[in-house]
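Colleague:
Numbering (this note's numbering), first residue to last: 433 to 531.
(1) Could you compute how far the alpha carbon of residue 500 sits from the alpha carbon of residue 510?
(2) Excluding the 5 residues flanking residue 506 on each side, which residues of the same chain have their C-beta closer than 6 Å to its C-beta?
(3) If we count the other Cβ atoms within 10 Å of its Cβ and call it buried at 16 or more, is residue 439 buried or exposed?
(4) Please report the distance separating the alpha-carbon of residue 446 from that of residue 513.
(5) Assign residue 497 to one of two classes, buried (16 or more other C-beta atoms within 10 Å of its C-beta) or exposed (fewer than that).
(6) Once the 5 residues before and after residue 527 are set aside, which same chain residues still bring their CB inside 7 Å of it?
(7) Roughly how many whole angstroms lie between the Cα atoms of residue 435 and residue 465?
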């Protein structure tokens, strides 16, 4: 759950999707304007979900799956990954590095 650490307001799915699509590390809270940063735990989770998405993309190629099944499978995995990553967004009030 993405909750602002300053005003403690929970962000909507739409707010999280908009902010997670940006490339800037600081995401201003849509309610109070305080800068929020992605947590290291979320960064680790997003890397693992991206790895799983890549795995789902390449696995059918090794088993000679027809493209009529492969393309919808990849599209479903992509949409699921995006929804999963946006729903797991965690915020901190300061930038923390995973290492």
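Glycine included, every Cβ here is placed at the ideal spot set by N, Cα and C.
Modeller: Let's see:
(1) 16 Å
(2) 489
(3) exposed
(4) 16 Å
(5) exposed
(6) 457, 469
(7) 13 Å
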